[in-house]
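Quick notes on the structure that follows.
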Amino acid sequence: MHIIVTGGAGYIGTHTCLELLTSGYDVTVVDNLSNSCREGLRRVEKLTGKSLCSFYHIDLIDPLATDKVFQHCPDAAAVIHFAGLKAVGESVAQPLRYYQNNLTGTINLCQSMQRYGVKNLVFSSSCTVYGTPASVPITEDFPLGVCTNPYGRSKAMIEDILRDLHQSDPEWNIALLRYFNPVGAHESGVIGEDPNGVPNNLMPYISQVAVGKLQQLSVFGNDYPTPDGTGVRDYIHVVDLAKGHLCALEKLQQQPGAFACNLGTGQGYSVLEMIAAFERVSGQKINYTIAPRRQGDIACAYADPSFAARELGWKAERGLDVMCRDTWNWQSKNPQGYASR
Ligand code: UFG
8 MHIIVTGGAG YIGTHTCLEL LTSGYDVTVV DNLSNSCREG LRRVEKLTGK
58 SLCSFYHIDL IDPLATDKVF QHCPDAAAVI HFAGLKAVGE SVAQPLRYYQ
108 NNLTGTINLC QSMQRYGVKN LVFSSSCTVY GTPASVPITE DFPLGVCTNP
158 YGRSKAMIED ILRDLHQSDP EWNIALLRYF NPVGAHESGV IGEDPNGVPN
208 NLMPYISQVA VGKLQQLSVF GNDYPTPDGT GVRDYIHVVD LAKGHLCALE
258 KLQQQPGAFA CNLGTGQGYS VLEMIAAFER VSGQKINYTI APRRQGDIAC
308 AYADPSFAAR ELGWKAERGL DVMCRDTWNW QSKNPQGYAS R
């Protein structure tokens with residue numbers, strides 16, 4: 008079965024391509040390389056001993072280029088759509104860029120899919136669509152909340168668009184996968200997260216402090232209503248997350264329709280717990296200081312993953328120590344990310 012993966016050169020994309028290739032899928036990647044590079048995919052090919060069908064260095068906001076991909080892949084059966092801008096702070100500063108890229112890119116993609124009769128889609132959504140949840144754990148039937156930034160709103164809007172699309176034409180089969188906090192790397196340490204510039208997210212920040220690239224972590228707030236006062240999140244190993252996409256693809260084949268599904272572990276850890284676990288597993292000391300809360304952050308979010316277990320037969324298998332081990336393995340072998348080799 009031939010799958011087109013948009014944003015396949017990125018962090019979650021490379022790990023998903025690896026799982027797809029290993030499981031015998033044919034894979035075509037479309038990526039504008041705005042926050043990724045070809046090296047990650049080269050390493051995926053080397054690790055799996057398999058080649059991508061093709062790679063298109065194009066931008067989904069170009070409808071003609073997007074159409075061409077489908078023209079050249081007449082046997083494509085489904086699309087996994089990762090491509091999108093994802094930095095919360097940047098989205099506040101550049102809302103039009105975010106809306107144009109994320110919304111127009113998705114609309115162009117769906118129009119091409121419709122024209123070429125490819126109506127199976129797995130979309131990278133986010134737990135950000137829940138806004139500030141009324142309680143935890145979060146189930147899929149929680150109301151979609153007020154997102155605090157354009158990035159989050161673009162995810163929520165795309166979910167709406169895709170639900171409308173399914174309503175208008177039930178031939179569309181759509182999985183909206185709501186990721187919690189992806190961390191870790193492939194156990195080989197050959198592929199991993201390589202953020203542009205200073206990381207926004209906790210784990211890459213911790214690992215860059217550990218490797219000496221950054222001086223000190225700021226812990227954003229220690230006065231939240233959580234056991235130790237720091238923010239609690241549901242960190243999920245990227246390999247577990249990647250495998251969730253394959254389960255979603257299978258589900259769409261077996262039981263067509265449209266559904267939203269949390270991909271998380273169901274377990275929340277605080278920032279201080281993450282630091283302590285990383286120190287224990289890596290043997291590195293993490294310098295940190297307590298800083299004011301970051302605007303837009305919530306106290307606590309973790310998934311109820313039972314829908315995924317029931318409906319997709321999927322469950323996260325990698326615990327906190329493996330997440331830290333694999334993050335450190337990747338970071339210590341690739342201190343400059345993909346640029347170091
Ligand atoms: N944190 C720090 N210091 C840092 C970075 C993060 O203390 O330098 C804290 C945050 O305050 C939060 C936790 O670590 O409590 C996790 O922060 P991340 O930035 O790693 O992740 P978020 O949960 O804020 O963000 C994630 C996704 C976003 C998504 C958001 C929605 O990365 O794409 O969830 O809640 F929009």
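Letter by letter, the sequence shown follows residues 8 to 348 in the numbering used here. Note that CB positions come from ideal geometry on N, CA and C, so glycine has one too. Quantities reported herein were computed from a predicted structural model and do not represent experimental measurements.
Can you give the Cα-Cα distance for residue i and residue j, rounded to whole angstroms?
i, j, result
"Arg348", "Asn341", "Annotation note: pLDDT 41 at Arg348 (below 50); position unreliable, coordinate value reported separately. Cα to Cα, the separation comes out at about 8 Å."
"Met344", "Pro206", "Correcting the residue identity first, residue 344 is Gly in this sequence and not Met. Taking the straight line from one Cα to the other gives about 12 Å."
"His79", "Gly14", "18 Å"
"Val329", "Gly219", "21 Å"
"Ala346", "Tyr186", "27 Å"
"Lys57", "Asn229", "47 Å"
"Glu200", "Gly17", "8 Å"
"Glu318", "Asn109", "28 Å"
"Ile114", "Arg332", "39 Å"
"Leu116", "Leu67", "6 Å"
"Gln222", "Gln101", "28 Å"
"Ile87", "Ile181", "10 Å"
"Tyr158", "Leu224", "24 Å"
"Pro70", "Gln118", "8 Å"
"Gly47", "Val153", "35 Å"
"Lys292", "Ile282", "9 Å"
"Tyr32", "Met8", "5 Å"
"Pro232", "Asn208", "21 Å"
"Thr35", "Phe149", "35 Å"
"Trp179", "Pro263", "8 Å"
"Met210", "Asn294", "14 Å"
"Thr349", "Leu327", "Outside the shown range of the chain, which is 8 to 348, sits residue 349, and nothing can be said about it."
"Ala163", "Leu184", "12 Å"
"Val37", "Ile297", "41 Å"
"Phe89", "Ala255", "14 Å"
"Glu257", "Gln174", "21 Å"
"Tyr212", "Thr73", "34 Å"
"Gln215", "Trp321", "31 Å"
"His64", "Thr237", "41 Å"
"Gln338", "Glu280", "20 Å"
"Ala85", "Asp235", "44 Å"
"Thr55", "Arg300", "42 Å"
"Leu259", "Asn336", "35 Å"
"Gly138", "Asp304", "10 Å"
"Gln302", "Phe227", "9 Å"
"Arg104", "Gly112", "11 Å"
"Ile198", "Thr29", "15 Å"
"Ile10", "Arg325", "26 Å"
"Lys75", "Gln121", "13 Å"
Return the bridge partner residues of residue i from the DSSP annotation.
i, result
"Ser61", "Thr35"
"Leu128", "Val86, Ile181"
"His9", "Asp33, Ala83"
"Phe227", "Ala298"
"Arg240", "Tyr276"
"Ile145", "Ala310"
"Ser119", "None; Ser119 has no bridge partner."
"Ser133", "Tyr186"
Consider the Cβ of residue i: report whether some Cβ of chain D lies at a distance smaller than 8 Å.
i, result
"Val12", "Looking at the structure shown, chain D is missing, and only one protein chain is on hand."
Touching or not, the stretch 261 to 273 and the stretch 309 to 318, by the rule of three or more beta carbon pairs under 8 Å?
-> Taking 8 Å as the limit for Cβ pairs, the verdict is that the stretch 309 to 318 does touch the stretch 261 to 273.
Contact the stretch 19 to 38 vs the stretch 246 to 258: 3+ CB pairs below 8 Å = Put simply, the stretch 19 to 38 touches the stretch 246 to 258. At least three CB pairs are less than 8 Å apart.
At a cut of 8 Å, does the stretch 227 to 247 reach the stretch 183 to 192 through at least three beta carbon pairs?
-> Judged by Cβ distances under 8 Å, the stretch 227 to 247 makes contact with the stretch 183 to 192, as three or more pairs qualify.
What runs of the alpha helix (DSSP H), each 4 residues or longer, lie entirely inside the stretch 164 to 225?
-> Fully enclosed alpha helix (DSSP H) runs of 4 or longer: 209 to 217.
Uninterrupted beta strand (DSSP E) stretches inside the stretch 242 to 315 (no shorter than 3 residues) = Listed in chain order, they are 242 to 244, 265 to 270, 295 to 298.
At least three beta-carbon pairs within less than 8 Å, the stretch 314 to 330 to the stretch 256 to 271 | Enough Cβ pairs lie closer than 8 Å, so yes.
Could you tell me whether the stretch 111 to 129 touches the stretch 169 to 185, using the rule of 3 or more Cβ pairs below 8 Å?
-> A contact exists between the stretch 111 to 129 and the stretch 169 to 185.
Decide if the stretch 80 to 98 is in contact with the stretch 34 to 52; the criterion is three or more beta carbon pairs, one per stretch, under 8 Å apart.
-> The answer is yes - the stretch 34 to 52 touches the stretch 80 to 98, with three or more Cβ pairs under 8 Å.
Could you tell me whether the stretch 62 to 81 touches the stretch 139 to 150, where touching means 3 or more Cβ pairs closer than 8 Å?
-> The stretch 62 to 81 makes no contact with the stretch 139 to 150: fewer than 3 CB pairs, one atom from each, lie closer than 8 Å.
Spell out a yes or no on whether the stretch 284 to 301 and the stretch 53 to 73 are touching, meaning 3 or more CB-CB pairs, one atom from each, closer than 8 Å.
-> No, the stretch 284 to 301 does not touch the stretch 53 to 73.
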